[in-house]
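Protein chains in written order, with this note's numbering: chain A, 567 to 835; chain B, 567 to 835.
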């Protein structure tokens with residue numbers, strides 16, 4: 567595999583672009599092939615079996631594009647499918663949960679962490695498992711927030727309705743006296759301001775995207791796959807539905823021009 | 567085709583059960599094969615091409631079960647795919663839009679109708695087209711309400727957040743002095759109480775499900791396909807994900823026992 571090959575990144579929709587942004591900032595020499603499964607978003611309420619099927623299709627699609635490594639920029643797929651699909655493939659694959667759990671464990675002072683995410687991510691208990699491996703004394707409290715992805719996809723990023731839902735979803739966590747809150751869904755960094763208003767200034771908000779990009783850099787170096795040449799802006803974006811809508815949204819998140827997005831019939835992969 | 571054969575009914579998820587309920591009430595002799603595309607819900611924000619692909623797969627699945635007629639119990643699929651897919655198949659197919667438009671046209675006194683629905687349904691302009699065919703003097707105002715399906719699927723049927731979203735979505739329609747409001751998505755009858763609270767008692771709420779069941783009865787009689795024997799409760803329910811969750815919900819809507827629901831890999835059809 568050539569170090570000039572692109573990196574594959576995927577998510578259920580637009581949320582994974584928050585991870586792409588970090589990769590572009592931290593390892594700007596890499597080119598990215600992004601896939602957003604906008605036809606089948608949201609992933610959060612679907613079964614593990616379905617998420618594994620979807621992940622397999624997307625990995626086949628990305629491998630067909632010649633990627634050298636894959637970032638599962640979706641907490642639900644990282645929680646429910648990464649382990650299974652990683653074992654079936656040779657190329658390096660990383661998710662967002664392990665890096666996020668690592669930062670959270672290093673951030674908390676009082677040993678009490680909250681995690682918000684989709685039903686799939688929270689019910690898997692995966693953040694707790696990873697944090698406990700780092701420090702078994704830390705307590706981890708999870709809360710599923712099924713409406714936050716639809717609210718983000720609707721663009722209600724800073725809205726009274728979104729604030730009210732965030733207030734309801736975080737209440738039990740705040741009652742547990744957490745000092746650290748993991749944004750355990752790649753859509754949630756887009757709600758950072760609203761979440762900050764609701765939880766106040768005393769709580770540390772952890773965005774796994776930053777640490778994921780760092781982990782990716784390490785993995786590339788360890789596998790001698792780092793592209794250390796000039797800045798490469800040959801990024802490509804694919805979605806399973808609504809390429810134009812996706813393009814408009816991507817422009818508001820990413821630091822680069824999104825030149826083209828293409829529709830892909832992902833069910834054929 | 568035997569008149570003893572079942573009727574196929576499908577929707578993107580649970581909303582179509584509001585149509586099933588009406589069919590069970592009005593033509594209790596018929597048995598029903600229901601398919602809810604819970605893996606790919608919601609349909610409302612997806613492209614016409616995608617909705618046609620999904621509708622074709624589901625029609626193939628239902629035909630494989632030997633159905634004698636198909637009810638597209640989803641406004642989005644009725645609006646974007648029914649015409650195309652109906653032309654490709656011989657068996658009788660009906661949607662919910664035409665019956666809904668008929669009732670609305672017959673209900674309004676002041677000739678001003680509002681329609682709420684998904685993005686796909688509203689942007690298609692199909693309710694307006696059908697109403698104008700009946701009476702070209704009637705004005706039809708549409709409003710897309712993308713968050714209502716996720717709110718219903720979350721079970722927030724009577725909740726301040728849902729009321730606030732309904733208030734925002736219906737404001738422009740009420741400003742247009744409508745006297746009739748079409749619940750142009752099969753999920754919305756589940757929000758009837760909340761919608762009633764928001765729009766007040768002066769507005770007639772039209773639920774296309776009732777008229778759809780009446781149309782189905784007519785179609786069966788015209789095609790000599792009516793099952794006029796004893797009450798048949800041999801209904802079957804299939805979904806593309808989360809059969810158990812669907813079953814719990816179905817029990818709260820339907821007048822009969824939901825004995826079994828099965829998962830189907832719909833992408834293979």
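Glycine included, C-beta positions come from ideal geometry on N, C-alpha and C.
For the structure I just gave you, are there three or more beta carbon pairs, one from the region 703-712 of chain A and one from the region 669-688 of chain A, closer than 8 Å?
yes
Against chain B, with Cβ distances strictly below 7 Å, would residue 725/A count as a contact?
no
What in chain B is Cβ-close to residue 713/A, meaning under 9 Å?
713, 716, 717, 720, 722, 727, listed in chain order.
Name, please, each residue of chain A whose Cβ falls closer than 7 Å to the Cβ of residue 616/B.
605, 807
Chain B within 7 Å of residue 730/A, Cβ atoms only:
yes
Closest Cα partner of residue 740/B within the set 770/B, 775/B, 633/B:
770/B
Let me confirm a value: residue 664/A is counted as buried when at least 16 other C-beta atoms fall within 10 Å, else exposed. Which label applies?
buried
Among the residues of its own chain, which have a CB less than 6 Å from the CB of residue 774/A, if the five just before and after it don't count?
662, 665, 666
So residue 712/B packs on residue 610/B, CB below 8 Å; how close in whole Å?
Residue 712/B to residue 610/B, Cβ: 6 Å. Contact.
Short of 7 Å in beta carbon distance, which residues of its chain neighbour residue 612/B, apart from the five on each side in sequence? Order them along the chain.
686
Could you list the residues in the region 661-692 of chain A with a C-beta less than 7 Å from some C-beta on chain B, going in chain order?
Those would be none; no residue qualifies.
Thinking C-alpha only, which one of 697/A, 793/A, 734/A is nearest residue 748/A?
697/A
Please report the distance separating the alpha-carbon of residue 744/A from that of residue 732/A.
16 Å
On the criterion of 16 or more Cβ atoms from any shown chain inside 10 Å, does residue 777/A qualify as buried, or is it exposed?
buried
Would you identify the three-state DSSP class for residue 638/B, choosing helix, strand or coil?
strand
If we count the other Cβ atoms within 10 Å of its Cβ and call it buried at 16 or more, is residue 846/B buried or exposed?
One cannot answer for residue 846/B here, as it falls past the ends of chain B, which runs 567 to 835.
How many angstroms separate the CA atom of residue 589/A from the CA atom of residue 809/B?
38 Å
Taking CB distances under 7 Å as the criterion, tell me whether residue 613/B reaches chain D.
No chain D appears in the structure shown, which is made up of the protein chains A and B.
Please list, in chain order, the chain A residues whose beta carbon lies closer than 7 Å to that of residue 833/B.
833
Quick check on DSSP: helix, strand or coil for residue 836/A?
Here chain A has residues from 567 to 835 only, and residue 836/A is not among them.
Check whether the Cβ atoms of residue 598/B and residue 625/B sit closer than 7 Å, and answer yes or no.
No.
Beta carbon of residue 580/A nearer than 7 Å to that of residue 645/A
no
Environment of residue 807/A [buried if 16+ CB atoms lie within 10 Å]
buried
By DSSP, does residue 609/B sit in helix, in strand, or in coil?
coil
Do the CB positions of residue 630/A and residue 571/A come within less than 7 Å of each other?
no
How many angstroms separate the CA atom of residue 586/B from the CA atom of residue 573/B?
10 Å
Does residue 596/B come out as helix, strand or coil in the three-state DSSP assignment?
Three-state result, residue 596/B: coil.
Here's the rule: buried if 16 or more other CB atoms are within 10 angstroms of the residue's CB, otherwise exposed. What is residue 577/B?
buried
Which residues does DSSP pair with residue 659/B in a beta bridge?
636/B
Around the C-beta of residue 604/A, are 16 or more other C-beta atoms found within 10 angstroms, so that it is buried, or is it exposed?
buried
If we ignore side chains and look at the alpha-carbon of each, how far apart do residue 650/B and residue 803/A end up?
30 Å
C-beta contact flag for residue 793/A and residue 596/A at 7 Å:
yes
Just list the residues that DSSP pairs residue 680/A with in beta bridges.
707/A, 747/A
Counting only runs of 4+ residues fully inside the region 744-814 of chain B, write out the alpha helix (DSSP H) ranges in chain order.
758-765, 774-788
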